[in-house]
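Input: a single structure, listed below in structure tokens.
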Amino acid sequence: MTTKAARLFRRMDGLFAVYKPQGVHWKLIRDTIESNLLKELNSCPPPAPQLAVKFQLLSSGENNGSKDLILSPSMLPSLANHPLVKGPQFHKVHVGVGHRLDAFSSGVLVLGVGKGNYVLEHLCKSHVTRDYTLEGEFGRATDDFSHTTRVIEKTTYDHVTQDKLERVLAMIQGANQKALITYSQMDLRTQEAYELAVKGLLYPHGKSPPILTGLRCIHFNPPHFTLEVQCVNETQKYLRKLIHEVGLELRSSAVCSGVRRTRDGPFKAENALTRQHWTADCIIQAIAHFRKTTRKIRKSGMYRQTDGQLNSSAKIQEQIRSEIGQSDQEHVELTSPTFDRIVDRVAPGTG
Amino acid sequence: MQLCRRCVSLLLSRPLLSAALQPSTHTLHQRSHHILLQPPVHSLTQRHSRETWTPCGRRNLSDHQAASPDVYNNKTDLAEREAEKHIVPFENLNVHQISNQESLSDMGLDAVVRPSPLQEISEEEAVQIQVPSALPPDSFTLKPYVDQSETLSKLVQLGVNLWELEQRPNVGSMLVRLDFHADVAPKLLFLKDLGVEESKLGTILTKNPFILTESLDNLEARVSYLKTKKFSQESVAVMVSKAPYLLNFSVERLDNRLGFFQKQLGLSAEKTRNVVTRLPKLLCRSLEPIKENLKVCELEFGFRGNEIQHIVTTVPKVLIANKRKLTQIFDFVHNTMDVPHSLIAKFPQVLNAKFLRIKERHLFLEYLGRAQYQPSQPNYISLDRLVFLPDDVFCSDVALATLEDFERFQKTL
Chain A
0 MTTKAARLFR RMDGLFAVYK PQGVHWKLIR DTIESNLLKE LNSCPPPAPQ LAVKFQLLSS
60 GENNGSKDLI LSPSMLPSLA NHPLVKGPQF HKVHVGVGHR LDAFSSGVLV LGVGKGNYVL
120 EHLCKSHVTR DYTLEGEFGR ATDDFSHTTR VIEKTTYDHV TQDKLERVLA MIQGANQKAL
180 ITYSQMDLRT QEAYELAVKG LLYPHGKSPP ILTGLRCIHF NPPHFTLEVQ CVNETQKYLR
240 KLIHEVGLEL RSSAVCSGVR RTRDGPFKAE NALTRQHWTA DCIIQAIAHF RKTTRKIRKS
300 GMYRQTDGQL NSSAKIQEQI RSEIGQSDQE HVELTSPTFD RIVDRVAPGT G
Chain B
0 MQLCRRCVSL LLSRPLLSAA LQPSTHTLHQ RSHHILLQPP VHSLTQRHSR ETWTPCGRRN
60 LSDHQAASPD VYNNKTDLAE REAEKHIVPF ENLNVHQISN QESLSDMGLD AVVRPSPLQE
120 ISEEEAVQIQ VPSALPPDSF TLKPYVDQSE TLSKLVQLGV NLWELEQRPN VGSMLVRLDF
180 HADVAPKLLF LKDLGVEESK LGTILTKNPF ILTESLDNLE ARVSYLKTKK FSQESVAVMV
240 SKAPYLLNFS VERLDNRLGF FQKQLGLSAE KTRNVVTRLP KLLCRSLEPI KENLKVCELE
300 FGFRGNEIQH IVTTVPKVLI ANKRKLTQIF DFVHNTMDVP HSLIAKFPQV LNAKFLRIKE
360 RHLFLEYLGR AQYQPSQPNY ISLDRLVFLP DDVFCSDVAL ATLEDFERFQ KTL
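Residue numbers (numbering that gives the first Met the number 0), protein chains in the order written: chain A, 0 to 350; chain B, 0 to 412.
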């Protein structure tokens, strides 16, 4: 006979995504979610009090007539298992965090509850791509690459046009494409490598530095500009440094005024929970929503462990690409035109 | 065998009434321990074993044995009141035990002969066998003592969270040693006379169990001091429920604090009383952070004296708020939202709100083009409406948008 609390606890197993606001440490979010889940679990009615045999002085029945008090046993509720003496039923709910976001950034943060924490590990190891929106501002350079810290230099930016920016971005992407192929750890002279490259499935396995698989400018309004980035194995500081490097390439300087993660693997921002929805029932709904995704990640993780590396990597990438869906198509569009552009530009550069 | 018969007779001579009370036997043995030289035979082994138990574990309740006479005295007193026939058997017992003493000292302990456990005895004798309660001398939790101790069971029935209290060092031991009728009941009656609601007693004792160890004279002196300062009976009761540690502070300390607030804030006595009644925590905490907060308001924010007075009387929590968070909110409201000092002083609730809430709502209004905080111009949005309204009302009335739009906007920040 399970209690309501036990049934509720069993439903708290899986992954879900949360939208992290800017300026908040990720640990605070994890603690808030854990305490909300615990609050809901401990508010369930406690089990009935246990009865204990106690010997009491009770008047003997009407048989004797006299008012003799005799020792008689009776079952009375024992206070030893009262919730005020025993404490709350649940002390801890395992809530784990996926790829972390630092306090300056905002965006999708994947959390795992209970048994979902094992799947989180698979997600991190499977080198999924992540989508970011970076906001930059020309004219300043700071020591931390963000717009709030100490300014080191100020420059003009009148000479910067959208065309120049696009060229710089293409150059950066070219270098990254090369890195993508290098770190894929495949012998490039084989037919298999060619076929994978044609499909766009050449991908870094194992350790790799941060690599951008896609980069484009979505908004240009000097001094402000916005970039959309798809990357693998990155940190938010690397992305802020990227903005700084873009500024340097344009013979100016730039600071990053916002890093926003819109997608982390198969978890998108549309289904991420905002602050008002960090309650137990919304979280359980979100876990149910992401159940299929969680299962796919777990299965791909199992494949990786059992099969050989090469076969499994191809399978994983296919699976993840199919999960991503629409963004996958964008990704393909991004790579093909820029690839052509690189071929054109390398010639004048070297020549 | 002689002694053996005496033990049995000892048991038989006591009527069934006293035999029924298991804890009372514990006391009886203890009492005899106090009064007489040597205890009866069958308790001797138990006493030895108790003495050889080495206290281990975090909470050392080794005083428990010494204190238990007080705890269990109550039970025996109750029993005496319940069954009038008790008085006689106790005296009988003493007589028997005294006679026992002489025989024991004559024969020496080696000649002790105990009945064999396999010996068959009659039903009546079986019922009269007293088993001393197996209370551990020390334990990590209060669980083993709750059922036996009257104090603890009454506290649980009042709603005191014993689990929370036993996490604090030494509080558990203190609670076990308390005597309900001598210590706890007078304080509870005192609080009830003061006007504190019975439902709040549990939370007050959970937050401040040391109100039970404070002497009643001190408590009464402090309450009378507050009354001389013209705090009404109801306001004193409200203050005690909100700040349970209030009555543990000495009269000098309370006087010092009240004087500080009146002098520093420059408020009239009536207004000071109002502020202190709404936030009695001011009297319990140290004054340094409050002084710092006042300095911050004056120097960093640039509020004038009368503005600070108005802010403190409307939202006293500003005095004990976190300095860094207060500065963050003020910086955003004054510099980013361009709200002047006078308007912030008029709506000080905004300084008490969550920073993220203000930020998201302001950015949403700015995005919609409705961020208008000047009262002179049309479509004015007052700061308290910005902060105080719940999300759905804010979206429909102030922002004139749907809740989904607001959530979608939140995901673009």
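Backbone N, C-alpha and C define an ideal beta-carbon position, used for all residues, glycine too.
Computed from a predicted structure; not experimentally measured.
- Positions of the beta strand (DSSP E) runs, each at least 3 residues long and wholly inside the region 170 to 223 of chain A, are given as 210 to 220 in order along the chain.
- DSSP lists A:73 as the bridge partner or partners of residue 53 (chain A).
- Per DSSP, the beta-bridge partners of residue 225 (chain A) are A:134 and A:218.
- Proximity of the region 225 to 245 of chain A to the region 149 to 162 of chain A falls short of the contact definition, fewer than three beta-carbon pairs being nearer than 8 Å.
- Approximately 7 Å separates the beta-carbon atoms of residue 140 (chain A) and residue 243 (chain A); this is inside 8 Å, confirming the contact.
- Between the region 232 to 249 of chain B and the region 214 to 223 of chain B, the count of Cβ pairs shorter than 8 Å is three or higher; the stretches touch.
- When secondary structure is reduced to three states using DSSP, residue 213 (chain B) falls in the coil class, being assigned neither helix nor strand.
- The residue among A:225, A:247, A:169 and A:184 with its C-alpha nearest the C-alpha of residue 211 (chain A) is A:169.
- DSSP places residue 254 (chain B) in the helix class (H, G or I) of the three-state scheme.
- Proximity of residue 160 (chain B) to chain A, defined by a Cβ-Cβ separation below 7 Å, is satisfied.
- Residue burial is scored here from C-beta neighbours: residue 24 (chain A) has fewer than 16 other C-beta atoms within 10 angstroms and is therefore classed as exposed.
- Here residue 160 (chain A) is actually not in contact with residue 251 (chain A); their C-beta atoms are around 11 Å apart, not less than 8 Å.
- Using a Cβ-Cβ cut-off of 7 Å, residue 409 (chain B) counts as an interface residue toward chain A, since at least one Cβ of chain A sits closer than that to its own.
- Sequence-ordered contacts of the region 76 to 110 of chain A with chain B read 77, 78, 79, 81, 83, 84, 85, 86 and 105 [C-beta pairs closer than 7 Å].
- Short of 7 Å from the beta carbon of residue 384 (chain B), and not among the five residues preceding or following it, lie these beta carbons of its own chain, in chain order: 397.
- At least one beta carbon of chain A lies nearer than 7 Å to the beta carbon of residue 145 (chain B).
- At a cut-off of 3 residues, not a single continuous stretch assigned as beta strand (DSSP E) sits fully inside the region 285 to 367 of chain B.
- Excluding five sequence positions before and after residue 227 (chain B), none of the CB atoms of its chain fall closer than 7 Å to its own CB.
- Looking at B:235, B:317 and B:292, the one whose alpha-carbon comes closest to that of residue 272 (chain B) is B:235.
- DSSP places residue 43 (chain A) in the coil class of the three-state scheme, outside both helix and strand.
- When the beta-carbon positions are compared, residue 311 (chain B) and residue 342 (chain B) stay at least 7 Å from each other.
- In this chain, the alpha helix (DSSP H) harbouring residue 184 (chain B) covers 184 to 193.
- For residue 21 (chain A), the chain B residues whose Cβ falls inside 7 Å of its Cβ are 412, in order along the chain.
- Closest by C-alpha distance to residue 240 (chain A), out of A:229, A:52, A:226 and A:255, is A:255.
- Its chain contains 136, 137, 138 and 156 as the residues whose beta carbon lies nearer than 8 Å to that of residue 222 (chain A), once the 5 sequence neighbours on both sides are disregarded; these appear in chain order.
- For residue 390 (chain B), the chain A residues whose C-beta falls within less than 8 Å of its own C-beta are 275, listed in chain order.
- What residue 18 (chain A) touches in chain B, judged by beta-carbon distance under 8 Å, is 409 and 410, going in chain order.
- Residue 180 (chain A) and residue 203 (chain A) have their alpha carbons spaced roughly 7 Å apart.
- Any Cβ of chain B closer than 7 Å to the Cβ of residue 285 (chain A) would place that residue at the interface, and such an atom is absent.
- Secondary structure note for residue 244 (chain B): it is in no beta strand (DSSP E), with a DSSP letter that is neither H nor E.
- Interface criterion not met: the Cβ of residue 4 (chain A) is under 7 Å from no Cβ in chain B.
- In this model, residue 204 (chain B) and residue 195 (chain B) are separated by some 12 Å (Cα to Cα).
- The beta carbons of residue 105 (chain A) and residue 21 (chain A) sit closer together than 7 Å.
- For residue 17 (chain A), the enclosing beta strand (DSSP E) stretches over residues 13 to 19.
- Residue 295 (chain B) is positioned such that its CB atom lies closer than 7 Å to that of residue 322 (chain B).
- Look at the beta carbons and you see the region 106 to 113 of chain A touching the region 260 to 271 of chain A: at least three pairs across the two are nearer than 8 Å.
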